[in-house]
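For the sequence shown, full-length UniProt numbering assigns the number 1 to the initial residue and increments by one for each residue that follows. Even for Gly, the Cβ is constructed at its ideal location relative to N, Cα and C. Written below as structure tokens is the structure these notes are about.
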Amino acid sequence: MMIPTNDNSAIQVVPSSSPIPPAPAVRKSDSDDVFVGENVCESHEHGGKMALNDVFGLDVDYMFELLFTDSQFYRDFLASRKTTELIQTPWPVEFDEDGSKSRLITYTLSLNYKIGPKSTKTTEKQTILPESKPGSHYIVDAEVHNLEVPYADTFYTITRFCLLKESNNKTRLKVHCEVKYRKQAWGPIKVVVGKCAQQGLPENFNLLAVHLRREADRNHGSTTSNNNNSMNNSTKKKLRKRHKQQSQSIASSFERPAHMDASRYSSQPLAFSLSANTLALFLCFIIILLIFLNVFLFLKISQLESQTLLFYRNSEPSIKTDWRQLIDDEENIYKTQSAKWKKVLSSSLLILDQIKTTMQTLYKRVEEI
């Protein structure tokens, strides 16, 4: 299959027998096949927060092939994130009723959290939206579900990739990420999940940008000497075909710089980070402390009742005067004990109010973060 480009040449997609599956065909309009002018990407919404917005020296069709097919570049990128057990289903031949195409990929993410699971099974549904047009722009949504993290049944993430052609050899990549909730989540849990998403996703896409720049530099270096000689259209077609066939060894030739710690770019699913577990442990500690305090007060009151009954049985009065004296003594004891326990209960209420104020302040700070 041939994909037209702006310079009236064509890019030949490698056949299905090639080690790299071809980029899936996207429905094209009958007119305006060649993009002219600025690609502003305003035909759809961009939900969530922008994680990446940069221009790379790669053709838009070639970038799509790198990111959304079973290319060696994509496999090596996932390997750098310590992602294993990658399984990709091919893009379907036919379009869906709405003009889109979807495929499913699964993999295992390794986690670097000190508390919680060390890895998680992940499913990702990739969908090419109908407004995509080869040679001009591609709009792809990725719906990611992390299956083995805390509260995995309450949320998932939507990542929108916008590949926009700026020139024959330059493509702008925009990435927006958004957390979606399938059911109502507790306020602090929702805040922590959102915070973890904002922290983890940019690191992942920063690493992707590094790999894309290296790929662009490699392509630029391999074509500079050839550009000095005049070539006809057939020679250009052969060169571009050879570049596609060599994409299997792209990422394997890279060596990451020493300052780029691999652990920093390890997979960051949307789950509890260390701060979330710390908050949960603190709340559990407060609840347990309150339970012990209530048990202590109950035991002290029971002990007081037992002592009162024992004193009454051991000192039964024999005359009316003794009865009166006993009543007075009991009344004094009752007043003394009542004043004492009122003081204890007042102190307990004060402590509970302080704990309540502290928890409210902590909740507000977490929301602000």
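Residues that DSSP places opposite residue i in a beta bridge
i      : result
MET50  : HIS176
LYS82  : LYS82 pairs with nothing; no bridge assigned.
TYR156 : LYS180
GLN126 : ARG103, ALA142
SER119 : SER110
GLN88  : ILE105
VAL55  : ARG172
SER167 : LYS170
Cβ-heavy atom distance, residue i to the ligand NAD, below 7 angstroms
i      : result
LEU201 : Summarising the ligand content, the structure contains no ligands, and the ligand NAD is consequently not present.
Cβ-Cβ separation, residue j to residue i (assumed contact under 8 angstroms), whole Å
i      : j      : result
TYR138 : VAL192 : About 34 angstroms separates the two Cβ atoms, so there is no contact after all.
ILE87  : THR69  : About 14 angstroms; that fails the 8 angstroms criterion.
THR120 : LEU111 : 6 angstroms
LYS174 : LEU66  : The Cβ separation is near 16 angstroms, so there is no contact.
ASP153 : ARG182 : 7 angstroms
HIS176 : GLY57  : Not quite, the Cβ-Cβ distance comes to about 23 angstroms (not below 8 angstroms), so this is no contact.
PHE77  : HIS211 : 5 angstroms
THR108 : THR89  : Going by Cβ atoms, the distance from THR108 to THR89 rounds to 17 angstroms, so no, they are not a contact pair.
LYS125 : SER102 : 6 angstroms
LEU201 : CYS41  : Between CYS41 and LEU201 the Cβ distance is about 19 angstroms, and since that is not below 8 angstroms, they are no contact.
LEU304 : GLN337 : 6 angstroms
Residue i, buried or exposed, once every other Cβ within 10 Å from all chains shown has been counted against 16
i           : result
VAL295      : exposed
CYS284      : exposed
ALA79       : exposed
GLY99       : exposed
SER302      : exposed
ILE128      : buried
ALA216      : buried
VAL179      : buried
LYS356      : exposed
VAL344      : exposed
LEU104      : exposed
GLY187      : exposed
SER132      : buried
VAL149      : buried
SER347      : exposed
SER71       : buried
ASN204      : buried
residue 370 : Because the chain spans 1 through 369 in this model, residue 370 falls outside it and cannot be assessed.
SER92       : The sequence as given places Pro at residue 92; Ser does not occur at that position. PRO92 comes out exposed.
ARG324      : exposed
ARG160      : buried
ARG81       : buried
THR171      : buried
LEU293      : exposed
ASN168      : exposed
ASN219      : buried
SER136      : buried
VAL55       : exposed
HIS44       : exposed
LEU349      : exposed
THR157      : buried
ASN146      : buried
PHE282      : exposed
PHE298      : exposed
LEU208      : buried
TYR62       : buried
Assigned secondary structure, residue i (DSSP; H/G/I helix, E/B strand, else coil)
i           : result
residue 372 : Outside the displayed span of the chain (1 to 369) sits residue 372, for which this structure offers no information.
CYS162      : strand
SER136      : coil
ARG146      : Note that residue 146 is Asn in the sequence shown here, rather than Arg. Strand.
PHE95       : coil
THR69       : coil
HIS211      : helix
TRP186      : coil
GLU45       : coil
GLU305      : helix
GLU131      : coil
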